[in-house]
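What follows is a single structure, written as structure tokens, with notes after it.
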Amino acid sequence: MCLYFSKIEPATIIRNQLTENSGDNTVKAIVHQGEGLDGASYRDMVLADVGPGKVCVKLKAAALNHRDIWTCMRAEPAAPPCVLGSDGAGIVERVGLDVTDMSPGDEVVINSSQDWESREEVPLGEYNVGYKILGFPDHGTFAEYIIIGRHQLEPKPAFLDWREAAALCLVGITTYRALFTEGRLQTGQTVAIPGIGGGAATQALLFAKAAGAKVLVTSRDSTKLETARKLGADLAVASDDSWGQVVRDFTNGRGADIVIETIGEATWKQSIAALANGGRLVVFGATAGSLVEVDLASLFLHWQSIIGTTMGSRDEFREMLAFSEKHQIHPIIDRAFPLSEGVEALRYLNTARQMGNVVLDINI
Ligand SMILES: NC(=O)c1ccc[n+]([C@@H]2O[C@H](COP(=O)([O-])OP(=O)(O)OC[C@H]3O[C@@H](n4cnc5c(N)ncnc54)[C@H](OP(=O)(O)O)[C@@H]3O)[C@@H](O)[C@H]2O)c1
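Following my numbering, the numbering of the sequence shown begins with 51 at its first residue and continues without gaps.
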């Protein structure tokens with residue numbers, strides 16, 4: 051269990067609780083309390099002490115994910131305030147007494163998939179109860195500082211800037227597991243990715259291309275299709291009612307070996323239509339609704355699999371960082387906002403106008 055900030059209302063902030071070198075323990079953060087996106091605000095929170103096994107990180111950048119919108123939309127109105135944000139990169143400010151392998155000044159990225167060690171397992175406990183993702187129910191990264199377990203931190207890849215490093219974390223671990231662990235992607239195979247505008251979708255495109263796959267993407271926006279082609283997409287077509295057949299035609303009738311599905315109801319039928327015999331439809335998102343129909347006979351007569359996945363383990367996070375470094379993969383940054391404009395950034399993400407990742411600059 052991680053304790054990042056004490057849940058004290060700004061009105062009752064207690065000063066002088068500080069560790070020797072912290073100066074002031076009030077930090078600015080994007081916090082959700084109340085209902086919907088209107089419940090998000092830029093406000094003061096109080097930084098807790100750095101306990102055993104913990105590290106205080108001065109954040110340089112954080113990235114938004116659709117999860118932050120879900121958190122706002124699904125929060126209980128009476129729930130206590132929660133600092134949003136799952137992705138972050140920054141500089142170690144101070145460490146707990148027993149942390150010996152990390153020092154102030156170290157540059158780190160944050161693995162928001164909490165307490166899941168090995169790729170061979172699924173995490174213990176239910177989603178948001180036993181297994182947790184940073185940013186709800188525990189306080190997240192949209193803040194000047196975070197206090198987090200040492201084991202959730204890895205060295206920041208030097209080839210990435212702060213924005214890119216922050217943006218890589220959550221979409222990196224999720225798409226890496228989806229493509230390689232669950233999708234078992236091999237060089238030369240074909241991957242279809244509907245809705246390429248999303249941060250996770252663009253990251254999947256970059257990883258799949260680096261692995262030597264053919265990548266076929268869709269979008270509702272012609273400018274995003276053009277950008278996807280420049281990023282290496284072999285085919286980029288409209289998210290309409292026939293793109294599954296277009297994928298089949300492009301692959302000489304065979305279809306895609308892997309479909310990465312993050313949208314749900316709006317694209318499901320075509321995602322199934324695009325899937326090859328023996329293909330794997332790997333799903334980890336449902337931005338446009340999660341209730342879909344499956345024709346079981348078609349599924350088993352085509353030896354197809356539907357695989358659900360969420361986030362990934364510490365093993366996979368480290369492998370993903372190494373893979374990114376090896377192939378020099380820079381996540382796509384659509385737009386940056388200062389931390390103080392984090393609420394505007396959430397509203398922007400909610401319009402789905404982005405192509406790639408929306409980030410927050412903090413302490414830059
Ligand atoms: N389970 C996990 O571990 C995990 C991890 C990461 C993300 N996710 C989930 O994956 C999903 C994607 O997240 P994200 O943050 O990358 O992006 P996002 O903000 O959800 O946007 C994804 C893209 O989906 C497309 N889209 C949305 N509504 C659509 C519709 N009605 N019809 C067709 N396309 C539509 C749009 O693409 P175009 O603009 O190109 O049309 C949009 O840019 C979210 O649901 C998120 O919660 C889950």
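Don't be surprised by glycine CBs; every beta carbon is placed ideally from N, CA and C. Note that the structure is predicted; figures quoted are calculated from it, not measured.
Quick one: Cα of residue i to Cα of residue j, how far?
{"i": "residue 395", "j": "residue 136", "result": "15 Å"}
{"i": "residue 319", "j": "residue 291", "result": "8 Å"}
{"i": "residue 165", "j": "residue 180", "result": "9 Å"}
{"i": "residue 384", "j": "residue 174", "result": "35 Å"}
{"i": "residue 217", "j": "residue 116", "result": "13 Å"}
{"i": "residue 253", "j": "residue 405", "result": "11 Å"}
{"i": "residue 334", "j": "residue 312", "result": "6 Å"}
{"i": "residue 139", "j": "residue 399", "result": "20 Å"}
{"i": "residue 261", "j": "residue 373", "result": "9 Å"}
{"i": "residue 131", "j": "residue 346", "result": "44 Å"}
{"i": "residue 76", "j": "residue 119", "result": "25 Å"}
{"i": "residue 143", "j": "residue 100", "result": "10 Å"}
{"i": "residue 279", "j": "residue 289", "result": "15 Å"}
{"i": "residue 114", "j": "residue 81", "result": "13 Å"}
{"i": "residue 246", "j": "residue 309", "result": "12 Å"}
{"i": "residue 201", "j": "residue 304", "result": "43 Å"}
{"i": "residue 133", "j": "residue 391", "result": "14 Å"}
{"i": "residue 286", "j": "residue 387", "result": "29 Å"}
{"i": "residue 177", "j": "residue 255", "result": "27 Å"}
{"i": "residue 284", "j": "residue 150", "result": "47 Å"}
{"i": "residue 160", "j": "residue 141", "result": "11 Å"}
{"i": "residue 89", "j": "residue 105", "result": "29 Å"}
{"i": "residue 355", "j": "residue 322", "result": "10 Å"}
{"i": "residue 167", "j": "residue 215", "result": "21 Å"}
Considering only heavy atoms of ligand 3, does any lie closer than 7 Å to the CB of residue i?
{"i": "residue 196", "result": "Ligands displayed in this structure: ligand 1; ligand 3 is not among them."}
Please work out which residues of its chain come closer than 6 Å, Cβ to Cβ, to residue i, disregarding the five sequence neighbours upstream and downstream, and give them in chain order.
{"i": "residue 375", "result": "207"}
{"i": "residue 259", "result": "265, 282"}
{"i": "residue 351", "result": "none"}
Does DSSP put residue i in a helix, in a strand, or in coil?
{"i": "residue 240", "result": "strand"}
{"i": "residue 70", "result": "Residue placement at residue 70 is poorly supported in this model, since its pLDDT is 32, which falls under 50; the coordinates still yield a value, given next. In the structure shown, residue 70 sits in coil (DSSP, three-state: anything other than H, G, I, E or B)."}
{"i": "residue 264", "result": "strand"}
{"i": "residue 253", "result": "helix"}
{"i": "residue 95", "result": "strand"}
{"i": "residue 378", "result": "coil"}
{"i": "residue 297", "result": "helix"}
{"i": "residue 193", "result": "strand"}
{"i": "residue 317", "result": "coil"}
{"i": "residue 89", "result": "helix"}
I'd like the list of long-range same chain contacts for residue i, defined as Cβ closer than 8 Å, with 5 residues on each side in sequence excluded.
{"i": "residue 232", "result": "330, 332, 357, 359"}
{"i": "residue 317", "result": "244, 245, 268, 289, 311, 338"}
Could you pull out every residue in the same chain whose Cβ sits closer than 7 Å to the Cβ of residue i, ignoring the five residues on either side in sequence?
{"i": "residue 366", "result": "169, 223, 226, 227, 231"}
{"i": "residue 306", "result": "240, 241, 242, 266, 297, 324, 325, 326, 329"}
{"i": "residue 95", "result": "55, 77, 79, 81, 133, 193"}
{"i": "residue 85", "result": "127"}
Tell me whether residue i is buried or exposed, calling it buried when 16 or more other Cβ atoms sit within 10 Å of its Cβ.
{"i": "residue 377", "result": "exposed"}
{"i": "residue 269", "result": "buried"}
{"i": "residue 236", "result": "exposed"}
{"i": "residue 162", "result": "buried"}
{"i": "residue 382", "result": "buried"}
{"i": "residue 185", "result": "buried"}
{"i": "residue 147", "result": "exposed"}
{"i": "residue 353", "result": "exposed"}
{"i": "residue 124", "result": "exposed"}
{"i": "residue 249", "result": "buried"}
{"i": "residue 348", "result": "exposed"}
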